Every structure is written in C-alpha cells, then in structure tokens.
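Chains as they are written, first to last, in my numbering: chain V, 1 to 478; chain R, 479 to 714.
Ideal placement from N, C-alpha and C gives every residue a C-beta, glycine not left out.
Please read these numbers as outputs of a predicted model, since none were measured by experiment.
Below is one structure; the comments refer to it alone.
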Amino acid sequence: MNGTLMNWTLALPEIALSLSGMAILLFGVLRKEERGFLASMLAIGALLLAGVLMTATGAGHAYDGQFVVDPFSVALKLLILAGAILGVALSVDYNRAEGIGRFEFPVLIVMATVGMMVMVSAANLMTLYLGLELQSLSIYVLAAFARDNLRSAEAGLKYFVLGALASGLLLYGMTLVYGFTGTMDFVGIATGLADPAQASAGLIVGVVFILAGLAFKVSAVPFHMWTPDVYEGAPTPVTAFLSTAPKVAAMGLLLRLMVGPFGHLLAQWQGLVVLISIASMLLGALGAIGQRNIKRLMAYSSIGHMGYALIGLAAGTVTGVRGVLVYLAVYIFMSAGAFAVILAMRRGGRAVEGIADLAGLGRSDPALAMLMSVFMFSMAGIPPLSGFFGKLYVFLAAVQSGMWTLAIIGVLTSVVGAFYYVRIIKVMYFDAGETGFAARPATLSIVAAGSGLVTLLFALFAAPVIAVAEAAARALLG
Amino acid sequence: MIATLAFYVFAAVLLGSAALVVSARNPVHSVLFLILAFFNAAGLFLLAGAEFLAMILVIVYVGAVAVLFLFVVMMLDIDFARLREGIQRYAPVGATVGVILLVELASVFGGWQLLPQSAALRGAVAPAAVSNTAALGDLLYTHNVLLFQIAGLVLLVAMIGAIVLTLRERKASRRQSAARQVAQRVEDTLVLVKVGLGAAVTEAEFQRKLPEPAVAAAEPHGGGHGHGGTHAAEVR
C-alpha cells in the first residue's frame, strides 16, 4: 500500500463536513420543535470548522491519485466555504418568514458544499463527476424547496431536467476522453496528450462535450437558458447561494480541467472558450436591459460575469488563472451583498422582486440604498470598488496574451452593463416610490454590511489576495 | 464432465423458465419462473467462476427485485388477458424484427476479429491467487473508497430530497406510540362491573366515561391495546 493511497487525512475537511451534515440531519429529525434556526447555526459552525481544518491539512495527492490538495484547491475551497456561510446566513430569516424554515435546508447546503469541495479537488474524471452530481443534486432540491410555490417547483424541475442533460453531455465527453487516452487520471491524461499533434478527432470531440457540460454549470452562453427562470423561481436565499459558491466550484473545475489535463490542447479549445466568453458577455449585457424583476436581472448579470471570468481561462496563462481567481473572490461578495439587499425587500409580509419596488429607497432607508449602490457600482466595474480589480486582472491577462478582441469586447460590454446597474441606483434615489420596506433582520444587515466593506475596501487588501491567487495559479500550471 | 453437465442443466432450465415467464397465464407464476431463471443464471455465473456476481444475483434480484415484482403483480389489478390480446396478429411482425436482429448480430459477430495483442492490452482484471470477491472488494473499498463514499452521499442527498419534496405531516395520520401503549393501564380501558344475580346491566353502568375531547382525538393512536378497551368487557 503506497503513500498516496492511504493519505486520507488530506480530505479531512470534506470528511468532517459530511459527518457534521449527517449529525445536523440526525439532530433535526430527533428534535421535534423549532429546528430551522439551530440547524442553520450548526451548519455555519460546521462550515467554519471545515475552513479551520483546511489550514491544518497538508498538500499532495491522496486516494490512489483521485484527490488532490494544492494551493489552487485550498484557495477555491475557502471561497466556496465563504459562499456557503453567506448562503446559510441569508436563508435563516427568509425561510422562517416564508414558512419553509425546515432543518433540511442547511443540511442540503452543507452536502452541496461537500460536493463542491470534492469538485475543486478532483484529480480524476470519476471524482469530478461524483462531486459535481453531489453538488447539483442538492441544489436541484434546494431550488424546489418552497414546494407549494408553483414557480419554485418549476424552477427545480427545469434545473433538474436541463442539469441531467448537461450531465449526459459531460459523461459522454468523459467516455470519449477515457476511450482515447486510456486513463481517467488527470496526470495520466496530461502525459498522454503531451504531444498535441497526436490528439485524435474523437478526443477533441470529447473535450468539447466536457466543456459544454461544464459551461452549463457556470451558465455560460449558449448553455444559459435555465439561468433566468431558475434564478427567478427558486427561493431567494437559494438564488443567492446559487450565484456564489457553485459558480466558484464550477469555474474552478473548468480551470483545473482545461489548463491541467487538457492544457496541451490549448490551441484546440481556446477558440471555443473565446466564443463562449464573448457570447456570455454580450448576452449578459443586452439581456439584462429589459428586465423588470431584479432576480432575473441578477441572472443575466451572473451570465455576464461568468463571461468576464472566462476571459482569464481563454488566456490559459498564469496571469489568466490568477485573474479568474481574483474575479471569483470579488464576485461572491458582491453577489451575496446584492442578494442580502434583495432579501431585505419585504413589504406587507411579502417579498417583492420588482426593480420598481426599489423606488424611493434612498430616502426611506439610506444605509441600504448606499450599500446597494456600492454593489451595483462594483458590478459595473467602477474604480476603486472590488469589481474594477476583478475586471482589470482578466483584461490584463487577455492583453498580455495578445487577445485584444476579447479585451475590447469586454470593456464595451462593461459599459453597456453599467447602464442597467446605474439604472437601479437611479430608481433608488430619483424615483418617487412607496413607503420603505419592513424592518430588516439583523442577519441581512450583517451580511450586507460585511460584503459592502469587502467590496468598498478591496483596494486596501488587494495585494495579499492577488498573491494567494498567483500562488494558486502557479500551483495549477507549474 | 460434471461441470459440462451442470452447465447444460442450468442453461436448459434457464431458457425454459425464461420462456415460461413470458408465456405463463398467471402473472404470479411468471414471477416465480423469473425467480427460477435468476437462480439458474446464478448457477451459470458460479460455473464461470464469478461467485460474487452469483451471490449478488440471488441476494439482490431474487431477494429484493423479484419480491417487489411479486408485490406489484399482486397489488395492481392488471388484466393480463387483455394485454395478451392480439398476440397472433402481432406475432409475424415481431418474429420478422427478431429474425432481422438475429441476422445482423450474426453478421457482426461472424466478421469480428480480435487484435492479436488485445489480450496483452487488457488490464489485469482478475489478479491471480485472489478470489474475485476479494479483488472486487479491494478495488471498491481500498482503491476507490473515496468514490464509494461520495456515491453514498449522493444517494443520501437523493433520499433527503425525496423526503423534503414529498413528505407532508398530516394531522390525521395515525402513528404508533410505543411509550403510550406501554403506559396504558388496565383501568384506562377495562371496567369491571359487578352484576347481581338475575339483574341486568344498564348501558350507563359499563360504559366508561368519555375522555376529554383532545384525548379522544388522539385515542386511535393507542393502537391494538386501545381497540380492545373501547368496548367495555363484562365479567362473569
């Protein structure tokens, strides 16, 4: 029994997290009354514990080379855990108010998080697939969690059917890659493809199928159809969760797969990623303009943001990967903060989702309007907010790789995108509107204020974040 | 010699019972023949040296799947006579399709050529000196233990999901409460009435007082013990 086989402690955070998830499940089943809040707090504790354990584990391959821990996976896992903690925190009060405050909610988020952590640590196609399914299956259920709400059930079903289709594409691609390389190990595939000239057409088809399956998970055009409907129909905390951690995981997986085992085929897949990236940026910018529902607007916004992040992947260099990581780190806080504000939009005991409902917020709740302005300006990419740095580093990577078209289209679509972000600010401050929203719960204020600070003051601690991203990118490409 | 004989016996019974699965008039007999077919297939696996597959076939297919079939067949009211209607009419078409498929298969397998070095290319599937159960166990629980556990988590999530999305706590559902059953005393359910010689017992005398409304609603929860007590017993 060799060393890499029994190196099981490398997966300690995942093991601890899944055991705590089961413990919370048991606790929820045995305890009869008022379980949602306590289960959520326990889930946050479990996620924090996993984060602490992460710093204690070493690096290397484990489980027969199927699992890898390196600076890249650690950086992404910390982001995923942050996204999951924000997701659980945002869900507590909303779920109670909507009567879906059941203890399974945090359990499913914990299980999805385990799946995402496995995804970014995958060093084998099978590990990749199982992690992805664990994550997706949990989120399908979460999307339909408000089961008596027709739109939520529809969102869950739609996401499930299209997700199953994407899984099918992914699996088909994997079988082709396995058939043509003879191994499922990322290291083995990379060695087998060391000479790109020998890559057969069948293998390229397999890579394209895998890319299509994963593009679905990051909701990149042309596999984005599900995004607006699922974002709108799913309970808002689920939408908030959906737009943070799973995006990080899927993007991390895409990075690891494309620059790792398929790194030598850069010339073959680069054009495809450029195309997906451009299409996503364009659709994200143009599709959002006509939206009246703020959750749908966020869906198009997320499609656009994934387009920008894909610029870094298209570059395929250390700078590019670093840019994607910085982008993801910046994005989850902007997104979580914006959703905290959306969750605070309650009037007369009901959640309202129209952009017009924000009218007059600048006078009725100046703090909330201020925070929303910060998030919107940041998403538009206005300096010195964090969103600017995210865009800066991916554009930098594109320019360094000589992909001027990509950078120019990126800048142009940012300008178009700025229109609808700034429109929200205009509605909040200059439109006459109804009286303010109902008093917001403390959790939302904390998440919004915390994310707002991170977004506002990112310039102050940008250097260490970029250093971590750089180290992670070097670990992946080195 | 014995192995060859056993093979032909198992194969013949397998084919015969498989034919009977399709043609038996009584659906319950069909399922029973299916079980017989499973056992014979397991025997064939044993002869081929795949004892683990043989065990799985018996345990999973006979033990779980076939029993499930039996339940379904017995519980659903399917008119099998109507399903079989027109078998003569469709038989020629079915036979034609079957023959075409057979010819295609024969042409494929007839022209099948193995690469000379294919035997060497094959990964060491069955390691020597290890039974195949041990080899499978080694593969599943040592080399792929991570995948095995994640697959388990996926199934757990599927189960949680099914319960979350479909289970509804019905107020009227009657559950068994073991604690309440055990705590039940004789006096709660049984009233002993002394009946004088030659005297009659009026209804009011042996009917125990109706419990409080809240308890009355919960009364059926008591299960078996409770039911006996609702009719007061008369002694002597």
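Handout entry: Paired residues, beta bridge with D148/V - DSSP
Key = The count along the first sequence starts at 1 and reaches residue 148/V at position 148. D148/V pairs with nothing; no bridge assigned.
Handout entry: CB of Y429/V within 9 angstroms of CB of A369/V, strictly
Key = Walking along the first sequence from the start, residue 429/V turns up at place 429. Walking along the first sequence from the start, residue 369/V turns up at place 369. Result yes, Cβ atoms of Y429/V and A369/V sit closer than 9 angstroms.
Practice task
Excluding the 5 residues preceding and the 5 following G260/V in the sequence, name in chain order all residues of the same chain whose CB lies nearer than 6 angstroms to its CB.
Solution key: Sequence index remark: in the first sequence, residue 260/V carries index 260 (1-based). These residues qualify, in order along the chain: F186.
Practice task
Flag this pair as touching only if the stretch 162-178 of chain V and the stretch 204-212 of chain V have three or more C-beta atom pairs under 8 angstroms; answer yes or no.
Solution key: yes
Practice task
Compute the beta-carbon to beta-carbon distance between F333/V and V454/V, rounded to the nearest angstrom, for a pair I have assumed lies under 8 angstroms.
Solution key: Position 333 of the first sequence, counted from the first residue, corresponds to residue 333/V. Position 454 of the first sequence, counted from the first residue, corresponds to residue 454/V. Right, their Cβ atoms sit about 5 angstroms apart.
Practice task
Check the Cβ of V161/V against every Cβ in chain R and list those closer than 9 angstroms, keeping chain order.
Solution key: Your numbering for residue 161/V matches position 161 in the first sequence. None at all; the shortest Cβ gap to chain R is about 15 angstroms.
Handout entry: Contact under 9 angstroms by Cβ, G316/V with V374/V
Key = Numbered from 1 along the first sequence, position 316 holds the residue referred to as residue 316/V. Numbered from 1 along the first sequence, position 374 holds the residue referred to as residue 374/V. No, the pair does not count as a contact, with Cβ atoms beyond the cut-off.
Handout entry: L625/R vs Q66/V beta-carbon contact at 9 angstroms
Key = Start at 1 with the first residue of the second sequence, and residue 625/R comes out as number 147. Start at 1 with the first residue of the first sequence, and residue 66/V comes out as number 66. Contact flag set, yes.
Problem - Which residues DSSP lists as bridging F67/V, in chain order - result: Within the first sequence, residue 67/V is the residue found at index 67, counting from 1. F67/V pairs with A62/V, A122/V.
Practice task
Give a yes or no on whether the minimum CB-CB distance between L643/R and chain V is below 9 angstroms.
Solution key: Taking the second sequence and counting its residues from 1, one reaches residue 643/R at position 165. Yes, because at least one Cβ of chain V sits closer than 9 angstroms to the Cβ of L643/R.
Problem - Residues of the stretch 612-645 of chain R with Cβ closer than 9 angstroms to any Cβ of chain V, in chain order - result: T620, H621, N622, V623, L624, L625, Q627, I628, A629, L631, V632, L634, V635, A636, I638, G639, A640, I641, V642, L643, T644
Practice task
Inspect the CB distances between the stretch 217-231 of chain V and the stretch 84-98 of chain V and report whether three or more fall short of 8 angstroms.
Solution key: no
Problem - Residue range of the unbroken alpha helix (DSSP H) whose run includes S18/V - result: For the purposes of this step, residue 18/V is taken as residue 18 along the first sequence, with counting starting at 1. Residues 12-30.
Handout entry: Beta-carbon proximity check, V110/V vs G21/V, cutoff 9 angstroms
Key = On the first sequence, position 110 is the one that residue 110/V refers to. On the first sequence, position 21 is the one that residue 21/V refers to. Contact: yes.
Exercise for the section: Let me know the alpha helix (DSSP H) ranges lying completely inside the stretch 502-580 of chain R, each 4 residues or longer, listed in chain order. Expected result: 505-525, 529-534, 545-553, 558-561
Exercise for the section: Report buried or exposed for V538/R, applying the criterion of at least 16 other Cβ atoms within 10 angstroms of its Cβ. Expected result: Here residue 538/R corresponds to residue number 60 of the second sequence, with the count starting at 1. It is exposed - the Cβ of V538/R has fewer than 16 other Cβ atoms within 10 Å.
Handout entry: Contact list for the stretch 55-89 of chain V against chain R, Cβ threshold 7 angstroms
Key = Y63, D64, Q66, F67
Practice task
Name the residue from T435/V, V321/V, K247/V, G387/V whose alpha carbon lies nearest to the alpha carbon of A472/V.
Solution key: Within the first sequence, numbered from 1, the residue matching residue 472/V stands at position 472. For A472/V, the nearest C-alpha among the options comes from V321/V.
Problem - Reference P441/V; option with closest CA among A285/V, G354/V, M345/V, A432/V - result: For this step, residue 441/V is matched to residue 441 along the first sequence. Per the Cα distances, M345/V.
Problem - C-beta contact flag for G307/V and G410/V at 9 angstroms - result: Here residue 307/V refers to the residue found at position 307 when the first sequence is read from its first residue. Here residue 410/V refers to the residue found at position 410 when the first sequence is read from its first residue. Yes.
Exercise for the section: Assign Y568/R to one of two classes, buried (16 or more other C-beta atoms within 10 Å of its C-beta) or exposed (fewer than that). Expected result: For the purposes of this step, residue 568/R is taken as the residue at position 90 of the second sequence. By the 10 Å Cβ count, Y568/R comes out exposed.
Exercise for the section: Would you check if there are 3 or more beta carbon pairs closer than 8 angstroms linking the stretch 6-18 of chain V to the stretch 67-80 of chain V? Expected result: yes
Practice task
Report buried or exposed for P237/V, applying the criterion of at least 16 other Cβ atoms within 10 angstroms of its Cβ.
Solution key: For the purposes of this step, residue 237/V is taken as residue 237 along the first sequence, with counting starting at 1. So P237/V ends up on the buried side.
Problem - Distance, R292/V Cα to A407/V Cα - result: Within the first sequence, residue 407/V is the residue found at index 407, counting from 1. Within the first sequence, residue 292/V is the residue found at index 292, counting from 1. Approximately 29 angstroms, taken between the alpha carbons.
Handout entry: Proximity of L282/V and A220/V at Cβ, strictly below 9 angstroms
Key = Mapped onto the first sequence, residue 282/V falls at position 282. Mapped onto the first sequence, residue 220/V falls at position 220. Taking 9 angstroms as the Cβ cut-off, L282/V and A220/V do not qualify as a contacting pair.
Problem - Interfacial residues, the stretch 95-126 of chain V to chain R, with Cβ spacing under 9 angstroms - result: R102, E104, F105, V107, L108, M111, A112, V114, G115, V118, N124, M126
Problem - Separation of V248/V from A469/V, as counted between CA atoms - result: What you label residue 469/V is simply residue 469 of the first sequence in a count that begins at 1. What you label residue 248/V is simply residue 248 of the first sequence in a count that begins at 1. Using only the alpha carbons, I get a separation of about 13 angstroms.
Exercise for the section: Step through the CB atoms of chain V and report whether any lies within less than 9 angstroms of the CB of R652/R. Expected result: For this step, residue 652/R is matched to residue 174 along the second sequence. R652/R does not count as touching chain V.
Problem - Within chain R, the residues that G131/V reaches when beta carbons sit closer than 7 angstroms - result: In the first sequence, residue 131/V corresponds to position 131, counting from 1. Correct list: I628.
Handout entry: For G260/V, three-class secondary structure by DSSP
Key = As a position in the first sequence, residue 260/V is number 260, starting the count at 1. In this structure, G260/V counts as coil in the three-state DSSP scheme.
Exercise for the section: Run down chain B in chain order and give the residues with a C-beta less than 8 angstroms from the C-beta of A144/V. Expected result: Among the protein chains in the structure shown, which are V and R, there is no chain B.
Exercise for the section: Classify M379/V as buried or exposed, calling it buried when 16 or more other Cβ atoms lie within 10 Å of its own Cβ. Expected result: Counted from its first residue, the first sequence places residue 379/V at position 379. Result: buried.
Problem - Run of the alpha helix (DSSP H) containing H305/V, from where it starts to where it stops - result: The count along the first sequence starts at 1 and reaches residue 305/V at position 305. Run containing H305/V: 294-315, per the alpha helix (DSSP H) assignment.
Problem - Residue environment, V693/R, which counts as buried when at least 16 other CB atoms sit within 10 Å - result: Here residue 693/R is taken as the residue at index 215 of the second sequence, counted from 1. With a pLDDT of 48 at V693/R, under the threshold of 50, the predicted position of this residue should be treated as unreliable, and no value is reported.
Practice task
Name, in chain order, the residues that DSSP records as bridge partners for G354/V.
Solution key: For this step, residue 354/V is matched to residue 354 along the first sequence. DSSP lists N293/V as partners of G354/V.
Exercise for the section: Would you grab the beta carbon distance between G312/V and V330/V for me? Rounded to a whole angstrom, and I think it's under 8 angstroms. Expected result: Numbered from 1 along the first sequence, position 312 holds the residue referred to as residue 312/V. Numbered from 1 along the first sequence, position 330 holds the residue referred to as residue 330/V. That pair is no contact at about 12 angstroms.
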